[in-house]
Structures are given as C-alpha cells and as structure tokens.
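Beneath this line is the structure, given in structure tokens, with notes to follow.
In the working numbering, the protein residues as written are 13 to 234.
Structural data, given as structure tokens:
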C-alpha cells in the first residue's frame with residue numbers, strides 16, 4: 013500500500029497488489045458490503061454488534077471510525093459503525109462501483125481463503141438446527157449478493173472441492189449461493205477458519221464451533 017496527497021490536500025491510498033492476508037480480507041469485505049462513490053471513496057458500515065470488522069479494516073487502511081446512532085425501527089435503520097477512505101485503484105480489484113457488477117479478484121492461493129472470509133463476514137451466513145421429524149441435524153452456508161460476485165465465489169469453491177448452488181432470491185434483484193451438505197459445510201468452515209489467529213468476526217465462528225460440537229454430541233461424524 014502507498015499513500016499520496018491529492019490535489020485537495022487529502023491523503024489517498026493505492027493498494028497496488030494484494031500481498032497479505034489482511035488486504036485480502038479487506039478486499040473480500042469491500043466486494044461484498046461497501047459502497048464506492050465516483051471518486052473511489054470506499055465507505056464501510058456494520059451494525060454495532062459487528063464493530064470488530066470496522067476496527068480491523070480501519071487499522072489496515074488507516075481510516076477514522078464514526079458512529080451513526082440513528083434509530084428508526086419502522087424503516088429498519090439501526091445504529092452503525094462507519095469508516096471510509098479514498099482508495100484510488102479499488103476498481104482494479106472489485107471491477108465496478110455498483111455491487112451488481114462487481115467480481116472477486118483472482119489472487120495468490122496463499123491469500124484466497126482470507127479473501128473469501130472477508131466476503132463471508134460481509135454477505136455470508138451459517139445456520140443449523142435439528143430436524144425433529146428425522147432426528148438429524150441440518151446445516152447451511154449461504155451468501156446473498158449479485159450473480160457475478162457469487163459466480164466468482166462458486167469458482168473458488170469448486171477448486172477446493174466444495175459443491176454449491178446459485179438461485180434467485182424470490183422476486184428480489186439478488187441471488188443466493190447455498191452450501192447444504194454436512195461434508196461441504198464443514199469443509200468450507202474448516203478452510204476459512206483454519207487460521208484461528210485470524211478471526212475478525214467471532215460471532216460467526218462461534219456458530220460454526222457450536223455446530224461442530226453439536227454434531228459430535230449428536231453422534232454424527234465431524
């Protein structure tokens with residue numbers, strides 16, 4: 013990463029290349045869940061409960077954090093943490109300012125799982141429960157995003173032997189990538205969480221740990 017002073021006197025950032033797990037995570041999250049304006053200023057926001065993401069990213073891109081305490085329940089507007097920074101070459105990595113036309117960059121295999129982890133923390137979800145009628149546990153990994161982004165994720169998953177499907181989300185203008193088999197759900201989680209010293213959003217990791225524990229106690233192979 014390099015900084016330079018723009019004509020307006022503000023510091024700007026150039027990433028140049030993704031050469032660390034930290035930058036890979038940041039790009040993954042930006043691809044999934046950030047806005048990019050016409051001067052390439054990237055704005056990232058999360059719910060209060062996910063402030064660890066903002067705290068991490070702000071350290072990597074050297075940006076300030078603000079708190080938006082707006083709360084309007086009927087409009088589903090809740091308090092959020094925010095950070096922003098102009099990243100001059102951000103489109104080189106995400107392809108487009110508009111989310112529906114973005115994609116995931118191809119990077120070194122060494123950092124790919126961190127890229128996907130960032131995307132998962134932005135747009136992914138892990139859910140599980142018990143099927144009372146069958147005395148079994150069900151589990152799902154899902155991503156909700158644009159088709160182009162999900163197709164990029166699906167190609168990465170295929171390379172490591174994980175099957176998934178992409179389907180429209182009802183009548184909404186977005187799609188859902190889903191991983192449903194126990195084998196593939198566990199393989200995915202064990203892959204993105206294989207570096208336990210690099211877990212930014214602990215609440216999702218805790219859901220996986222609970223699933224793994226429940227499978228063991230329920231007599232299913234982990």
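Positions of the beta carbon are idealized from the N, C-alpha and C atoms, including for glycine.
Just so we're clear, the structure is a prediction, and the values are computed from it rather than from any experiment.
- Whose C-alpha, out of 34, 13 and 193, is nearest the C-alpha of residue 126? 34
- Item | Contiguous beta strand (DSSP E) assignments of at least 3 residues, all confined to the stretch 33-84 | Whole beta strand (DSSP E) segments, 3+ residues: 46-48, 53-59 and 77-80.
- Where residue 197 falls, given that 16 or more other Cβ within 10 Å makes a residue buried: With 16 or more Cβ atoms within 10 Å of its Cβ, residue 197 is classed as buried.
- Query: So is residue 126 in contact with chain D if we call contact Cβ pairs under 9 Å?
  - Reply: The chain labelled as chain D is not found in the depicted structure, where only one protein chain is given.
- Within this structure, are the beta carbons of residue 28 and residue 15 separated by less than 9 Å? no
- Message: I believe residue 130 touches residue 37 by the beta-carbon criterion, under 8 Å. Please report the beta-carbon distance rounded to the nearest angstrom.
- Response: 4 Å
- Apply the 10 Å Cβ neighbour rule to residue 93 and answer buried if 16 or more other Cβ atoms are within range, or exposed otherwise. buried
- Item | Own chain partners of residue 69 with C-beta closer than 7 Å, once the 5 adjacent residues on each side are dropped | 38, 41, 56 and 95
- Message: Between which residues of its own chain and residue 124 is the CB-CB distance below 8 Å, once the five residues before and five after are set aside?
- Response: 36 and 168
- Query: By the 10 Å Cβ neighbour count, where 16 or more other Cβ atoms means buried, how is residue 22 classified, buried or exposed?
  - Reply: exposed
- Taking residue 79 as the reference, which of 110, 104 and 67 has the closest Cα? 67
- Query: residue 252 to residue 214, Cα distance in whole Å?
  - Reply: The structure shown does not extend to residue 252, since the chain is modelled only from 13 to 234, so the question has no answer here.
- Same chain only: Cβ atoms within 7 Å of residue 62, ignoring 5 sequence neighbours per side: 213
- Query: residue 199: which of 174, 165 and 185 sits nearest, CA to CA?
  - Reply: 174
- Query: In chain order, what residues of the same chain lie with their CB nearer than 8 Å to the CB of residue 225, ignoring the 5 residues before and after it?
  - Reply: none
- Item | residue 150 - partner residues in DSSP beta bridges | Partner(s): 141.
- Query: How big is the Cα-Cα spacing for residue 112 and residue 161?
  - Reply: 8 Å
- Message: Which same chain residues end up closer than 7 Å to residue 100 when comparing Cβ atoms and leaving out the 5 residues on each side of it in sequence?
- Response: 24, 25, 26 and 52
- Message: Please tell me whether residue 31 and residue 164 are closer than 9 Å, where the distance is taken between their beta carbons.
- Response: no
- Item | Beta-carbon proximity list for residue 159, same chain, < 6 Å, skipping 5 on both sides | For residue 159, where only same-chain residues beyond five positions count, the Cβ hits under 6 Å are 187.
- residue 87 to residue 19 span [Cα, whole Å]: Between the alpha carbons of residue 87 and residue 19 lies a distance of about 39 Å.
- Message: Considering Cα atoms alone, identify which of 85, 154, 181 and 147 is closest to residue 139.
- Response: If we check each option's Cα against that of residue 139, 154 comes out closest.
- Residue closest to residue 236, alpha-carbon to alpha-carbon, out of 189, 83, 118 and 185: With the chain covering 13 to 234 only, the question about residue 236 has no answer from this structure.
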